[in-house]
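Have a look at the structure below before the remarks.
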Amino acid sequence: MTKKPIERGICELYEQDPEAADYMIFGRVAERDRRGFLKGAGLAAMGAVVGGTIPFQSNMPSGLIPAALAESTKDFMLKGKDGLTVLNDRPINAETPPHLLDDDVTPNSRHFVRNNGIVPEMAEKMDASGWTLTVDGEVNNPMTLTLDDLKSRFEVVKLKLQVECGGNGRAAFNPPAKGNQWTLGAIGNAEWTGIRYRDLLKAAGVKDSAIYTAHYGMDGHLSGDPNKLPISRGVPLAKAMEAHSIVAFEMNGEPIPTLNGFPARTICPGWPGSTSQKWLRRIQIRDVVHDGPKMTGTAYRRPYYNVAPGTKVDKKDFRIIEAMPVKSLITSHETGQSIGGRSLRVGGHAWAGDRKVAAMHVSIDFGATWIAAQLMDPPNPYSWQRWNADLSFPEKGYYEIWARATDDAGMTQPFAINWNPKGYLNNSMHRIAVQVA
Ligand SMILES: Nc1nc2c(c(=O)[nH]1)N[C@H]1C(S)=C(S)[C@@H](COP(=O)(O)O)O[C@H]1N2
Ligand SMILES: [Mo]
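Each residue of the sequence shown is one higher than the one before, starting from 1 at the first, in the working numbering.
If you want it as structure tokens, here you go:
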């Protein structure tokens with residue numbers, strides 16, 4: 001018997017049980033009228049997903065997959081998001097095309113979204129009344145704090161921090177890896193306001209036995225089972241104690257948007273985005289490595305040695321992914337663009353997990369020669385870094401611009417993909433095509 005997948009494509013969900021699909025995708029808050037039409041918060045959630053109110057909603061049969069989700073997922077917009085590509089193989093996952101990531105600070109409207117479960121009602125309503133954060137486990141003073149407690153009892157910091165999904169780049173794996181087929185855009189670098197994770201832990205008085213954190217959110221499991229969690233991950237205590245790991249309550253000066261974790265989330269920058277728990281409600285300090293959903297098995301893990309594409313790897317050889325590898329994007333131009341003159345200033349961002357980016361290079365001759373780009377310092381550690389390069393094309397025609405970053409430990413982005421069974425950590429260099437007229 002094959003195991004029933006818990007995360008299924010929207011189309012597949014609708015095919016099997018349209019009404020249940022409405023319920024799962026548009027939330028447990030979905031209410032129906034006598035004829036079974038969606039109303040109330042469920043309808044509002046559907047409006048949010050299709051990007052507007054639905055004037056003829058009273059004609060809309062229940063269990064009808066909105067065409068915006070079924071087709072042309074490229075053009076349909078999530079509420080509060082602008083130009084994101086929605087991957088329709090799971091409820092609400094959307095990435096940002098690289099040319100829309102040109103801002104040094106990623107606007108809320110362009111920060112990708114990766115959800116493993118159902119957005120909690122509190123976040124849909126953007127109303128934090130009654131919200132608390134509990135810190136417990138291996139601590140001397142377990143605490144339960146309100147949002148006001150966070151803001152008033154601890155020093156508030158503002159940091160520009162990169163959050164990247166561990167599976168960003170998975171779409172390029174061959175043989176393909178199961179999971180969200182992210183291309184390049186599951187990365188963002190917003191300015192987060194919050195408190196240092198370590199200040200919280202100091203206040204709670206971490207015991208000597210503590211080695212790992214466990215993060216719990218308010219989102220519901222896709223199955224609708226209230227006893228199941230979609231995801232609960234954590235980090236080694238040392239990562240939580242790092243000066244740039246925070247519990248954030250604002251994103252770019254505004255309450256964190258519904259889809260990005262309102263009212264509060266951890267940000268453990270430079271590590272797989274899954275360590276940055278959204279809709280946070282509890283941090284448990286543990287004396288063992290956390291074993292919540294998506295911590296064990298092969299989730300967010302890779303073999304500790306390199307394997308040839310397609311290799312079957314024994315589960316015991318998988319290790320938890322910690323810092324993400326060095327990476328960069330060309331964001332100044334969209335791939336396929338026509339260029340008028342022979343010279344072109346290109347630019348983008350580079351980042352390197354826990355490290356700093358030390359050098360940035362571009363090539364217009366398929367990697368035969370490389371030009372050093374100008375590389376800025378990050379505004380703070382764990383922010384991505386701006387780079388720019390002035391190119392000149394010898395004649396008209398088709399070119400590829402390749403970009404590669406090198407971190408301060410000498411690691412450079414490869415051309416080929418470092419294949420692993422679950423399709424994590426693809427940091428192969430970004431290439432765009434241009435036509436020089
Ligand atoms: N509670 C909760 N937190 C979560 C997730 C989730 O599904 N539920 N997804 C994680 C994953 S896999 C990633 S990559 C990041 C994405 O953050 P974003 O949606 O704000 O871009 O959130 C993480 N935090
Ligand atoms: Mo992720």
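Glycine is no exception: its CB is placed at the ideal position from the N, C-alpha and C atoms.
Treat the numbers as computed from the prediction; the structure is a model and nothing was measured.
Three-state secondary structure (DSSP) of residue i
{"i": "Gly347", "result": "strand"}
{"i": "Lys160", "result": "strand"}
{"i": "Glu322", "result": "coil"}
{"i": "Asp390", "result": "strand"}
{"i": "Gly292", "result": "coil"}
{"i": "Gly220", "result": "strand"}
{"i": "Asn180", "result": "coil"}
{"i": "Asp314", "result": "coil"}
{"i": "Thr412", "result": "strand"}
{"i": "Gly273", "result": "helix"}
{"i": "Lys4", "result": "At Lys4 the pLDDT is 39, less than 50, meaning the model places this residue with poor confidence; the figure from the coordinates comes in the next sentence. Three-state DSSP puts Lys4 in coil, outside helix and strand."}
{"i": "Leu259", "result": "helix"}
{"i": "Ser363", "result": "strand"}
{"i": "His430", "result": "strand"}
{"i": "Ser338", "result": "strand"}
Test item: CB-CB of residue i and residue j under 8 Å
{"i": "Gly353", "j": "Ser328", "result": "no"}
{"i": "Tyr417", "j": "Gly166", "result": "The displayed chain sequence assigns Ile, not Tyr, to residue 417. No, these two residues do not count as a Cβ contact at 8 Å."}
{"i": "Glu334", "j": "Ala186", "result": "no"}
{"i": "Tyr399", "j": "Val436", "result": "yes"}
{"i": "Asp291", "j": "Pro303", "result": "no"}
{"i": "Asp82", "j": "Arg114", "result": "no"}
{"i": "Leu201", "j": "Ala240", "result": "yes"}
{"i": "Gly234", "j": "His221", "result": "no"}
{"i": "Trp384", "j": "Ala359", "result": "no"}
{"i": "Trp279", "j": "Gly253", "result": "no"}
{"i": "Leu150", "j": "Val247", "result": "yes"}
{"i": "Ala323", "j": "Gly270", "result": "yes"}
{"i": "Thr258", "j": "Ala123", "result": "yes"}
Neighbour flag for residue i against chain B, beta carbons, 8 Å
{"i": "Ile92", "result": "In the displayed structure, chain B is absent; only one protein chain is listed."}
Nonlocal neighbours in the same chain, by C-beta distance under 6 Å from residue i, ignoring five residues either side
{"i": "Ala210", "result": "Glu138, Leu237 and Ile285"}
{"i": "Trp370", "result": "His361 and Ser363"}
{"i": "Gln337", "result": "Val434"}
{"i": "Asn116", "result": "Pro230 and Ile231"}
{"i": "Arg28", "result": "Reliability fails at Arg28, whose pLDDT of 45 lies under 50, so the model's placement of it is uncertain and the value that follows must be treated cautiously. Nothing meets the Cβ criterion."}
Residue range of the alpha helix (DSSP H) that includes residue i
{"i": "Ser152", "result": "Leu147 to Arg153"}
{"i": "Asp199", "result": "Tyr197 to Ala204"}
{"i": "Lys327", "result": "Lys327 -> not in any alpha helix (DSSP H); beta strand (DSSP E) instead, spanning Lys327 to Ile330."}
{"i": "Leu237", "result": "Leu237 to Ala240"}
{"i": "Ala123", "result": "Glu121 to Lys125"}
Neighbourhood of residue i by C-beta, 8 Å cutoff - its chain only, sequence neighbours within 5 removed
{"i": "Ser343", "result": "Asp390, Leu391, Ser392 and Phe393"}
{"i": "Gln181", "result": "Leu87, Asp89, Arg170 and Ala171"}
{"i": "Pro226", "result": "Gly220"}
{"i": "Met295", "result": "Ser232, Arg233, Gly234, Val289 and Ile320"}
{"i": "Val156", "result": "Thr193, Gly194 and Ile195"}
Endpoints, beta strand (DSSP E) assigned at residue i
{"i": "Glu395", "result": "That residue, Glu395, is in no beta strand (DSSP E); it is neither H nor E in DSSP."}
{"i": "Leu280", "result": "Leu280 to Arg286"}
Same chain only: Cβ atoms within 7 Å of residue i, ignoring 5 sequence neighbours per side
{"i": "His99", "result": "Thr331, His333 and Glu334"}
{"i": "Asn306", "result": "Asn418"}
{"i": "Gly410", "result": "none"}
| query | Got a list of residues with beta-carbon closer than 7 Å to any non-hydrogen atom of ligand 2, in chain order? | reply | Arg114, Cys165, Gly166, Gly167, Ala186, Pro272, Gly273 and Ser274
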